[in-house]
Amino acid sequence: MSSYAKHLHSIDAGHYKNTAACETEVMPVPDVVRIPLSQHIGKPCDPVVQKGDEVKVGQLIGDTDAFVSAPIHSSVSGTVTGIDKIRSANGGYDTRVVIETDKKQTPWEGIKKPEITDFQSFIKAVRDSGLAGMGGASFPAHVKFNPKNLDEVDTLVVNGAECEPFITSDHRTMLEATQDVIDGALTIMKWMGMKQGFIGIEDNKQDAIAKLNKLLSEQNVQNLKTFPLPAKYPKGAERVLIYEVTGRRVDAGMLPADAGVVVSNVSSVAFLGQYFRDGMPLIQRRVTVDGNAVANPKNVMTLFGTSVKDLIDYCGGYKKPPKKIIMGGPMMGRATISDEVSIIKNNNAILCFDAEQAYIPEETACINCGRCHAACPFNLAPMKFAEAYKHKDVEKLQELQIMQCMTCGSCSFVCPARRPLCFTNTLAKGLVKEAGKK
Amino acid sequence: MNASPHIVTKLDTAKTMKFVLLALVPAFCVSIYVFGPRVIAVTAVCVVASVFFEWLYEKIMKKPVTIGDFSACVTGVILAFNLPSSMPLWMAVIGCGVSIIIVKQMFGGLGKNFANPAIVGRIVLMLSYTTQMTTWPVPRGVDGTTGATPLALMESGQHLASLKDMFLGMTGGCIGEVSALALIIGGVFLIVKKIIDPIIPCSFIGTVFVFSLLYYGIKGSDAGALHMAVYNILAGGVMLGAFFCATDYVTSPIMNNGKLIFGIGCGLFTMIIRLFCSYPEGVSFSILFMNLFVPLIDSVTMKRYYASLYGGAKK
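As you go down the protein sequences, you meet chains A and B in turn. Sequence positions in the first sequence follow my numbering and run 738 to 1175. Sequence positions in the second sequence follow my numbering and run 57 to 371.
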């Protein structure tokens, strides 16, 4: 089996890190929060509170017995006024607990520093924290940290690459919660028995690298190192990051643990550092608000359940009519249906584009230039996927290894004919999965 | 609303084509110096005719008009570069019609044609108007004087042209092919700008070089094998073909291995035609010939590559 080149293909998608120097501001508590009960991959939680209940900050409001799931905590103190439903971006409905806030932010009495004595209590503490990957995938952390082959997992890779344009929330986390990042990473490594850890950071964040290096050397930490990555897209994609940092290959269908690695987003790790110290579960995060339709782009510490609209209003409102609101980055983020949706755990950015910034020119004919192939980190051939998908040729799609595609969007970005290749890949992967079920 | 990504690069098809046009400017300038103002006339007629035919066909067939992507311009310029400057203009127009309407549009327009339009246009003119296509004005010559191309000199066993003249462009030949230097400048520009990949031009030119080195090494030549090898890469359409025709996206393979096979094939057939066939020049035939193999090359190289990288199709 042949292997990849030393560095995987990447593209220059532009950086637009307009808010890199914006210190995180804490947004005042909104009047109402609507906390979705599904903020993670896996089974949505069931509400454990009812209309009329008084809740406090950090109190459990949603939970389930399902293994792949993460509990939901109240981000505010106040009164539950009901449970509502809203159309979610992927076509389903999200159930949300609506809480009218009392603005006092009284912490729940049950909050205490987690006691960790062994691996099992570590996993339980992580579950109780409500952590689901804050980098975007929102995978429940206690599942990720509990792989079947725990003995073989020897490396932690902390993902501080932040390769998506515009977003700077991870960057600010590394600058503002540097010690939390180190504490969180060392705690994970300790209980999972890992011998080494790396914090992968794109080299356009030299200040974060320098600050982490300084603290690491002051505290004489030997087994955790920063790892500068080229500032190219998509160096922060999990499989790409693992390969660049450790040289280990993770193909589609494999888990990082199969390569002996666990990857965790830097904001998740920083949260754990804080959680292991004071026991306050995951109730808020840094969100980058940017895009040319927003009056004052900034980084905001936002309570979960805050509506996008409230957040934008805090940033000075819209200065131009927004054409598209994206949750996440411009490469892999999802356009929302409305600004009524709530900020959740994996929501690292809200981008509001006006008509000009959101404009994508009309699709023209493929000229077979091969740029999509040259851009693909896994050397796939998106234009051939599109052709095979048109003919619903499942066998051909499999031969071309469609399932290796992680829909990073590089192919669509570079296509001079503006073909929506990444979208076609998603459809084609669906087609192959369907065919596999029959 | 649309699926991600929500931003795209600024480099679109039209911009790509404009880069190619820009890269052809040095060769154009040299040609004007060498063959005089008629170069401008032939090139202009080809460009206007190509764009017009594209517009006309798309209007008649009620398809969206795509002349804004500059691909017809590029075809026009490259076809003009493959004609002698003394070519009657109406013949050039016929060549453009063949290129755009028959080779490009009838197969579905940009991206769908299996053969390089300009190359086929040139071949059709070559076969239809052989006299006019092989009457070469001499460099810096007075109107009406004609001479032979370096390849014709080689074929007929007369004295050879000087390598320096061939490198700079002071020889007989088609409008755009005479100056290797100007074409290399344009080609390197495209490679640096990442518009074209170096594999095809390098393997094409390299194969021509190695093949003639071996051939003249074995057969023996008064000028020496090395001299003849350099002579062969500078002569005729090798530089123009390797940098600007064989690298046409639509009609060249995607995978690096495929590009290598394609480039070597082009070089090989060029030399076979030059040395063993009755035509003095074989670049256009070899490119057309290899164009036909592109779907096969693509399919085989991809299948092998993905099977080796990911261990065959997984369910």
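Cβ atoms here follow ideal geometry from the backbone N, Cα and C, with glycine treated the same way.
Quick one: list the residues of chain A neighbouring residue i, beta-carbon separation under 8 Å, in chain order.
i, result
"TYR366 of chain B", "MET738, ASP988, GLN1138, GLN1141"
Is the CB-CB distance between residue i and residue j below 8 Å?
i, j, result
"VAL813 of chain A", "VAL770 of chain A", "yes"
"VAL916 of chain A", "LEU952 of chain A", "The residue you asked about is not Val; residue 916 of chain A is Gln in the sequence shown. Yes, the Cβ-Cβ distance between GLN916 of chain A and LEU952 of chain A is below 8 Å."
"PHE325 of chain B", "GLY338 of chain B", "yes"
"PRO1114 of chain A", "VAL1024 of chain A", "no"
"GLY225 of chain B", "SER235 of chain B", "yes"
"VAL95 of chain B", "SER87 of chain B", "yes"
"SER1147 of chain A", "TYR970 of chain A", "yes"
"PHE91 of chain B", "PRO206 of chain B", "no"
"PHE964 of chain A", "GLY937 of chain A", "yes"
"MET911 of chain A", "GLY897 of chain A", "yes"
"VAL98 of chain B", "SER141 of chain B", "yes"
"ASN169 of chain B", "GLY293 of chain B", "no"
"HIS777 of chain A", "SER875 of chain A", "yes"
"GLU913 of chain A", "THR761 of chain A", "yes"
"SER747 of chain A", "ALA878 of chain A", "no"
"PHE856 of chain A", "VAL894 of chain A", "no"
"SER342 of chain B", "ILE329 of chain B", "yes"
"GLY795 of chain A", "SER806 of chain A", "no"
"LEU949 of chain A", "VAL987 of chain A", "no"
Start and end of the alpha helix (DSSP H) containing residue i?
i, result
"ALA1086 of chain A", "Not the alpha helix (DSSP H): ALA1086 of chain A falls in the beta strand (DSSP E), residues 1086-1090."
"PHE964 of chain A", "Segment 961-966 is the beta strand (DSSP E) holding PHE964 of chain A; no alpha helix (DSSP H) there."
"MET284 of chain B", "281-290"
"ASN682 of chain A", "The question about residue 682 of chain A has no answer here: the residues shown for chain A are numbered 738 through 1175."
"ASP221 of chain B", "219-224"
"HIS908 of chain A", "906-913"
"ILE156 of chain B", "Run containing ILE156 of chain B: none; DSSP gives neither H nor E here."
"GLN161 of chain B", "First-last for GLN161 of chain B: undefined, no H or E at that position."
"ILE1074 of chain A", "Where ILE1074 of chain A is concerned, there is no enclosing alpha helix (DSSP H), given that its DSSP letter is neither H nor E."
"SER321 of chain B", "Correcting the residue identity first, residue 321 of chain B is Gly in this sequence and not Ser. Segment 312-332, the alpha helix (DSSP H) holding GLY321 of chain B."
"TYR980 of chain A", "975-983"
"GLU211 of chain B", "206-212"
"HIS879 of chain A", "878-881"
Name, please, each residue of chain B whose Cβ falls closer than 8 Å to the Cβ of residue i.
i, result
"PRO1157 of chain A", "ASN58, ALA59"
"THR1163 of chain A", "ALA59"
"ALA1095 of chain A", "HIS62"
"CYS1106 of chain A", "THR72, TYR305"
"LYS1175 of chain A", "Going along chain B, no residue has its Cβ under 8 Å from LYS1175 of chain A, so there is no contact; the nearest lies around 11 Å."
Who are the neighbours of residue i on chain B, taking C-beta pairs under 9 Å?
i, result
"SER1149 of chain A", "ALA59, SER60, PRO61, VAL64"
"PRO1114 of chain A", "In chain order: nothing, as chain B lies at least about 12 Å away."
"ALA750 of chain A", "PRO61, ILE63, THR65"
"HIS1110 of chain A", "ILE310, MET311"
"PRO1098 of chain A", "VAL64, ASP68"
"PRO902 of chain A", "ILE63"
"PHE1160 of chain A", "ASN58, ALA59, SER60"
So residue i contacts chain B; which residues on that side make the cut at Cβ distance below 7 Å?
i, result
"ALA1118 of chain A", "ILE310, MET358"
"ILE979 of chain A", "Going along chain B, no residue has its Cβ under 7 Å from ILE979 of chain A, so there is no contact; the nearest lies around 17 Å."
"ALA1154 of chain A", "THR69"
So residue i is in the beta strand (DSSP E); what residue range does that whole segment cover?
i, result
"ASN1186 of chain A", "Nothing can be reported for residue 1186 of chain A, as the shown portion of chain A is limited to 738 through 1175."
"VAL769 of chain A", "769-773"
"VAL834 of chain A", "830-838"
"PHE349 of chain B", "No beta strand (DSSP E) holds PHE349 of chain B; the alpha helix (DSSP H) holding it covers 339-366."
"ILE936 of chain A", "933-939"
"ASN1177 of chain A", "Any question about residue 1177 of chain A goes unanswered here, given that chain A covers just 738 to 1175."
"ASP800 of chain A", "797-800"
"GLN776 of chain A", "Run containing GLN776 of chain A: none; DSSP gives neither H nor E here."
"MET1064 of chain A", "1061-1064"
"GLN1021 of chain A", "1021-1027"
"ARG178 of chain B", "It is not in any beta strand (DSSP E) - ARG178 of chain B instead sits in the alpha helix (DSSP H) that spans 173-184."
"VAL817 of chain A", "815-824"
The ligand NAD and residue i: does the residue's C-beta get closer than 7 Å to at least one heavy atom of that ligand?
i, result
"SER268 of chain B", "This structure lacks the ligand NAD; in fact it carries no ligand of any kind."
Applying a beta-carbon distance threshold of less than 9 Å, which residues of chain A neighbour residue i?
i, result
"TYR362 of chain B", "ASN1116, LEU1117, ALA1118, GLU1136, LEU1137, GLN1138, GLN1141"
So residue i contacts chain A; which residues on that side make the cut at Cβ distance below 7 Å?
i, result
"ASP125 of chain B", "THR1101"
Return the residues of the segment 58-82 of chain B that lie within a Cβ-Cβ distance of less than 8 Å from chain A, sorted by chain order.
ASN58, ALA59, SER60, PRO61, HIS62, ILE63, VAL64, THR65, LEU67, ASP68, THR69, LYS71, THR72
Selection of the segment 1047-1075 of chain A by Cβ proximity to chain B, strictly under 9 Å
LYS1061, ILE1063, GLY1065, GLY1066, PRO1067, MET1068, MET1069, GLY1070, ARG1071, ALA1072, THR1073, ILE1074
Whole alpha helix (DSSP H) elements within the segment 1109-1163 of chain A, 4-residue minimum:
1119-1127, 1131-1136, 1147-1151
Proximal residues, the segment 304-330 of chain B versus chain A, C-beta separation under 7 Å
TYR305, VAL306, ILE310
Within 9 Å of chain A by C-beta, residues of the segment 158-172 of chain B in sequence order
GLY164, GLY165, LEU166, GLY167, LYS168
Compile a chain-ordered list of the residues in the segment 1026-1047 of chain A whose CB is closer than 8 Å to at least one CB of chain B.
none
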